[in-house]
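Novice:
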Amino acid sequence: MPQFFSNKRLILLLVGMIFLVALISFSLRDRNHASLPEQLIKDVVGFGQSMFSKPTQYITGVFDNVESLLNTYDENKRLKVRLEDYVTLQASVNDLRLENDELRKIVEKEEDLRDYNPIQSTVIARNPDQWEEKIIIDKGEIHGIEINMAVMTAQGLIGKVILTTPYTSTVELLSTQNPNYRVSAVIAEGKEVFGLIEGYDDKRKELILKRIDSEYEVKVGQKVTTSGLGGIFPKGILIGEVTEVTTDDYGLTKLAYVKPAASFSILDHVIISKRTITPVDGTDGENTEADLKKGEGDGS
Amino acid sequence: MIRILVIAISVLLFYLEPIFGLFSPIELNNDFYVLVPRFLIIYLIFVAIYYDRKRAMLYGLLFGLLYDVFFIDIIGLYSFIYPLMCLVASFTVKYIHQHLIVSTILTLLLVATVELLLFLFYTFIGIKTMTFTYFYQHNLIPTMMANVVFLLMFGWAFKYILLNRFNQRALLLQK
Chain A
2 MPQFFSNKRL
12 ILLLVGMIFL
22 VALISFSLRD
32 RNHASLPEQL
42 IKDVVGFGQS
52 MFSKPTQYIT
62 GVFDNVESLL
72 NTYDENKRLK
82 VRLEDYVTLQ
92 ASVNDLRLEN
102 DELRKIVEKE
112 EDLRDYNPIQ
122 STVIARNPDQ
132 WEEKIIIDKG
142 EIHGIEINMA
152 VMTAQGLIGK
162 VILTTPYTST
172 VELLSTQNPN
182 YRVSAVIAEG
192 KEVFGLIEGY
202 DDKRKELILK
212 RIDSEYEVKV
222 GQKVTTSGLG
232 GIFPKGILIG
242 EVTEVTTDDY
252 GLTKLAYVKP
262 AASFSILDHV
272 IISKRTITPV
282 DGTDGENTEA
292 DLKKGEGDGS
Chain B
22 MIRILVIAIS
32 VLLFYLEPIF
42 GLFSPIELNN
52 DFYVLVPRFL
62 IIYLIFVAIY
72 YDRKRAMLYG
82 LLFGLLYDVF
92 FIDIIGLYSF
102 IYPLMCLVAS
112 FTVKYIHQHL
122 IVSTILTLLL
132 VATVELLLFL
142 FYTFIGIKTM
152 TFTYFYQHNL
162 IPTMMANVVF
172 LLMFGWAFKY
182 ILLNRFNQRA
192 LLLQK
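If you're matching them up, the sequences are chains A and B in order. The opening position of the first sequence corresponds to residue 2 in the numbering used here, with each subsequent residue numbered one higher. The opening position of the second sequence corresponds to residue 22 in the numbering used here, with each subsequent residue numbered one higher.
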């Protein structure tokens with residue numbers, strides 16, 4: 002094809018390639034902060050996207066309702082069995098909550114790591130090419146969303162906010178393979194056992210809980226929750242259940258596989274938790290709080 | 022009317038892709054299969070084949086850029102791949118017959134190329150570590166199956182609309 006590679010075109014092609022590589026490396030370096038034009042595009046596209054996704058979710062909601070109507074009889078039977086347990090559980094929860102409040106008053110400690118303000122939000126898009134585990138939600142800075150806030154569904158923790166614009170934000174799911182993604186977790190049955198959620202096993206579809214002190218015993222089936230000690234997430238959000246316990250590569254600490262409580266596959270409504278205690282420097286996020294304040298974290 | 026339709030369809034497909042993306046990954050026998058909707062690039066390749074190469078590349082650049090900024094935060098990935106695919110399609114179609122079946126097969130090959138290029142890119146920058154066989158079984162095959170269904174349903178309609186528009190413009194140029 003002699004025509005195709007004429008001089009002018011060849012130069013254009015080369016310049017294009019150089020420009021492309023420069024653009025890709027530029028945007029790869031600083032992915033946690035959206036520049037002004039980027040924010041503008043995100044907001045405009047996000048607005049259009051929510052126009053499309055909200056009616057779709059309404060329609061799928063109707064189908065879900067029909068489906069749950071068909072299962073009503075079976076569910077009702079099972080729920081009746083549980084109902085009696087539930088009443089006693091509720092009574093003891095109320096009792097404990099009251100007692101907790103009173104004790105707090107006595108020691109004059111008002112704030113709690115568990116307290117958070119929930120912000121309800123709708124998922125407007127999931128990254129369609131799915132090379133990265135990201136979803137986009139319809140609440141942004143104006144609604145009080147900030148980077149590194151915990152995102153969960155009714156079942157449990159699903160991820161954290163990594164990027165915000167005035168009207169949308171991007172959430173990275175726990176099932177990411179990003180090595181900088183850490184969540185400080187605790188197994189609170191009997192004795193509190195601390196660890197860090199670091200990484201996701203793609204084959205087993207399970208999270209990996211690392212750095213558990215080998216003195217403590219961890220059993221299969223125990224529940225893992227956020228510890229709140231990472232500095233950013235509130236305490237007590239369910240992450241999942243331990244399925245296997247082994248030692249880590251160096252044999253110094255224990256490692257547990259955790260089956261996530263929330264499903265990552267079909268997400269529509271999520272809750273973003275804004276912690277009431279001031280967040281501090283921590284491991285829940287990729288950036289430290291100091292970076293956030295400056296607004297120029299380098300993502301390491 | 023039909024003039025607006027050409028761009029309206031691409032806007033519609035651009036917004037529909039992530040909605041279909043919400044249904045994926047699909048879980049079958051404890052294995053997850055990723056179906057990636059590639060509606061927009063399928064349509065743009067049809068535009069390149071049946072209507073206008075330059076127009077297709079322009080749309081590819083525009084929507085690719087929007088896609089880059091909105092979803093993946095790496096500018097220059099889709100905004101390069103989309104126009105490239107349109108270019109390849111329009112060059113190939115000069116040497117082969119413009120029958121619907123031929124262009125369907127060509128489009129599918131190019132969609133597979135897009136997936137492959139993205140796989141190479143993401144393994145190269147190290148965001149995702151995935152073996153080729155895993156990618157082939159869990160991403161490429163399900164994605165291609167989903168897109169074949171889409172193409173068989175709407176391919177003829179795209180051809181009909183775009184050829185109509187092409188003829189309309191040819192008539193205008195004659196006057």
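Yeah, the Cβ is synthetic: ideal placement off N, Cα and C, and Gly gets one too. What you are looking at is a predicted structure, and each value in this text was computed from that prediction instead of being measured.
1) Does Thr169/A pass the burial test, meaning 16 or more other C-beta atoms within 10 Å, or should it be called exposed?
2) If Lys43/A and Val90/B are in contact, beta carbons under 8 Å, what's the gap, nearest whole angstrom?
3) Can you pull the chain B neighbours of Phe53/A, defined as C-beta to C-beta under 8 Å?
4) Where are the beta strand (DSSP E) runs, 3 residues long or more, that stay fully inside the region 58-145 of chain A, in chain order?
5) Using beta carbons (cut-off 9 Å, strictly below), is Arg183/A in contact with chain B?
6) Taking 9 Å as the threshold (beta carbon to beta carbon), is Val55/B in contact with chain A?
7) Quick one: using the 10 Å Cβ neighbour count with 16 as the cut-off for buried, is Ile60/A buried or exposed?
8) Does the CB of Tyr143/B have a neighbour CB from chain A at under 9 Å?
9) What is the residue span of the alpha helix (DSSP H) that Ser215/A lies within?
10) Anything in the region 142-162 of chain B with a Cβ closer than 7 Å to a Cβ of chain A? List those residues in chain order, please.
11) Spell out the partners DSSP gives Leu174/A in its beta bridges.
12) Decide if the region 179-193 of chain A is in contact with the region 205-225 of chain A; the criterion is three or more beta carbon pairs, one per stretch, under 8 Å apart.
13) Quick check on DSSP: helix, strand or coil for His270/A?
14) Identify whether Phe265/A lies in helix, strand or coil by the three-state DSSP scheme.
15) By DSSP, does Leu57/B sit in helix, in strand, or in coil?
16) Thr46/A touches chain B at which residues, Cβ-Cβ below 8 Å?
17) I need the DSSP call for Ser45/B, collapsed to helix, strand or coil.
18) Here's the rule I'm using: 16 or more other beta-carbon atoms within 10 Å means buried, otherwise exposed. How should Gln40/A be labelled?
19) Going straight from the alpha carbon of Met174/B to that of Thr277/A, what length do you get?
20) Taking all protein chains shown into account, do 16 or more other C-beta atoms lie within 10 angstroms of the C-beta of Leu34/B, making it buried, or fewer, making it exposed?
21) Kindly indicate the opening and closing residues of the alpha helix (DSSP H) around Leu105/B.
22) Where does Phe234/A fall in DSSP's three states?
23) Please name the residues in the region 29-45 of chain A whose beta-carbon is closer than 7 Å to at least one beta-carbon of chain B, in chain order.
24) Does the beta-carbon of Ala29/B have 16 or more other beta-carbons within 10 angstroms, so that it is buried, or is it exposed?
25) Along the chain, where does the beta strand (DSSP E) containing Ala151/A start, and where does it finish?
26) Please list the partners that Ala262/A has in chain B, where partner means a Cβ-to-Cβ separation under 9 Å.
27) What residues are listed by DSSP as bridge partners for Lys192/A?
28) What does Arg276/A pair with, by DSSP beta-bridge criteria?
29) Within 9 Å (strictly less), CB to CB, does Gly81/B reach chain A?
30) Closer than 9 Å between beta carbons: that is the criterion. Which residues of the region 133-157 of chain A meet it against chain B?
31) So which residues of chain B does Ser266/A contact, with C-beta pairs closer than 9 Å?
32) In this structure, how does DSSP classify Val259/A when only helix, strand and coil are distinguished?
33) Going along chain D in order, which residues have a C-beta closer than 7 Å to the C-beta of Leu24/A?
34) How many whole angstroms separate the CB atoms of Thr177/A and Glu133/A, which I take to be in contact at a CB cut-off of 8 Å?
35) Does the beta carbon of Val259/A come closer than 9 Å to any beta carbon on chain B?
36) Give a yes or no on whether the C-beta atoms belonging to Gln53/A and Leu26/B are separated by under 9 Å.
Specialist: Reading it off the structure:
1) Only buried fits Thr169/A, as 16 or more other CB atoms lie within 10 angstroms of its CB.
2) At roughly 6 Å, the Cβ-Cβ gap stays under 8 Å, so Lys43/A and Val90/B are in contact.
3) Tyr36, Leu37, Ile40
4) 117-127, 135-138
5) no
6) yes
7) exposed
8) yes
9) Element bounds for Ser215/A: n/a, residue is neither H nor E.
10) Tyr143, Ile146, Ile148, Lys149, Thr150
11) Beta-bridge pairing links Leu174/A to Gly160/A.
12) yes
13) strand
14) coil
15) Reading the sequence as shown, one finds Val at residue 57/B and not Leu. Val57/B falls in the coil class under three-state DSSP.
16) What sits at residue 46/A in the sequence shown is Val, not Thr. In chain order: Leu87, Val90, Phe91.
17) coil
18) buried
19) 52 Å
20) Burial of Leu34/B is indicated by the presence of at least 16 other C-beta atoms within 10 angstroms of its C-beta.
21) 99-113
22) Note: Phe234/A maps to coil in three-state DSSP.
23) Cβ contacts with chain B: Leu29, Arg32, Glu39, Ile42, Lys43.
24) exposed
25) 151-153
26) The contacting residues do not exist; Ala262/A stays about 16 Å from chain B at best.
27) Glu190/A
28) Tyr117/A
29) no
30) Glu133, Lys135, Ile136, Ile137
31) Phe44, Ser45, Pro46, Ile47, Glu48, Phe53
32) strand
33) Protein chains in the displayed structure are A and B, and chain D is not among them.
34) 7 Å
35) no
36) According to the sequence as given, residue 53/A is Phe; it is not Gln. It is not a contact, given that the beta carbons lie outside the stated cut-off.
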